[in-house]
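Sequential numbering of the sequence shown, starting at 538, is according to this note's numbering. Comments concern the structure below.
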Amino acid sequence: MNPVLLIRHGEAEHHIRAITGGWTDTELTDLGRFQAELLARRLNQELAGIPLLLATSRLRRAIQTAEVIGRDLGIRPVVLPELVDLNNGIAAGKTHAEARAVALEPNGSLLDWQPYPEAESWRQFFQRITGFMESINGAHDGAVMLVTHAANIHGIVSWWLGIPVEAQAQFDVAPASLTVLTINRWQVRTLERLNDCSHLYAAGLRQPLPY
C-alpha cells in the first residue's frame, strides 16, 4: 500500500462548547479553520504535484478541513461514510449533561460496551475501520490522505501496526495534526510520524514540548 496520511479535523464547536462529539455534526471554529489553513499550506509545499486520493468523513468539521486542504492542493475531496467518527448513538447532538442522563453502565468487557443506546462499541468501531482500510489497501496508485477523527486515527494506526483491539493503544491526536503510515524498504509497515503539529508550533498555536 502507498503512504497513508491521516489528518484530524481542526478544532470544532463541540471542543469549546459543552456538547458531545461523535456523530454530533459540528462545524469548525475560527481557530479550527486557521489550523486547517496552516496545515493546507504545509501540505501544498510538501505534496504539490504528487498524485493522491483525498477522502473525508461525512461530518462537517472533517469536510470543511478537507475542503481547505483540497483547495490548496487542487484536489476535490471525496466523502467516504466509513470515515465517520465513533457512533455515540442517541447522545449525538446532546449536551454533556443530557448525554450522562442516557448513558449505559458498563456490563462485561469494555470493548463490547455500548455507552449509549444505538451507539457503537469500541470493538464494532474497530471492525468497521479496519474493514474499510482492508478494502482500500492497494486500491489507489498514489498516496491516500484521509481527513477524519481522533478515534479513527487510533483505530487505523493500530490496524497498520498489527496492534490488537484488546490493547487499546493510547496516544495523542491533536486537531489538525498529521500522522503518516508507510512501508519501508524492507517491506515492513511503519509509523513514519505521529501527531505531527509542526505547522501549528510555527504559528505559536502549540507548545513545542509538554510542560
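In this text, a Cβ means the ideal position worked out from N, Cα and C, and glycines have one as well. On a predicted model such as this, the values are computed, not experimentally measured, just so you know.
Counting pairs of beta carbons, one from the region 589-603 and one from the region 550-568, are three or more of them closer than 8 Å?
yes
Just curious, the beta strand (DSSP E) that alanine 592 is in, first and last residue?
Looking up residue 592 in the sequence shown gives position 55. Element bounds for alanine 592: 589-593.
State the Cα-Cα distance for the pair glutamate 604 and aspartate 678, rounded to the nearest angstrom.
Along the sequence shown, read from residue 1 onward, the residue named residue 604 stands at position 67. Along the sequence shown, read from residue 1 onward, the residue named residue 678 stands at position 141. Using only the alpha carbons, I get a separation of about 22 Å.
Quick one: using the 10 Å Cβ neighbour count with 16 as the cut-off for buried, is proline 712 buried or exposed?
As a working mapping, residue 712 is identified with position 175 in the sequence shown. With 16 or more other Cβ atoms within 10 Å, it is buried.
Ignore the nearest five residues each way along the sequence and tell me which others in serine 695's own chain have a CB closer than 6 Å to its CB.
On the sequence shown, position 158 is the one that residue 695 refers to. Ala706.
Counting only runs that start and end within the region 662-689, where is the beta strand (DSSP E) found for 3 or more residues in a row?
680-685
Using the Cα positions of glycine 559 and alanine 585, report the straight-line distance between them to the nearest angstrom.
The count along the sequence shown starts at 1 and reaches residue 559 at position 22. The count along the sequence shown starts at 1 and reaches residue 585 at position 48. So the two alpha carbons sit approximately 32 Å from each other.
Provide the residue span of the beta strand (DSSP E) that contains leucine 715, from first to last.
Here residue 715 is taken as the residue at index 178 of the sequence shown, counted from 1. Here the beta strand (DSSP E) through leucine 715 covers 715-720.
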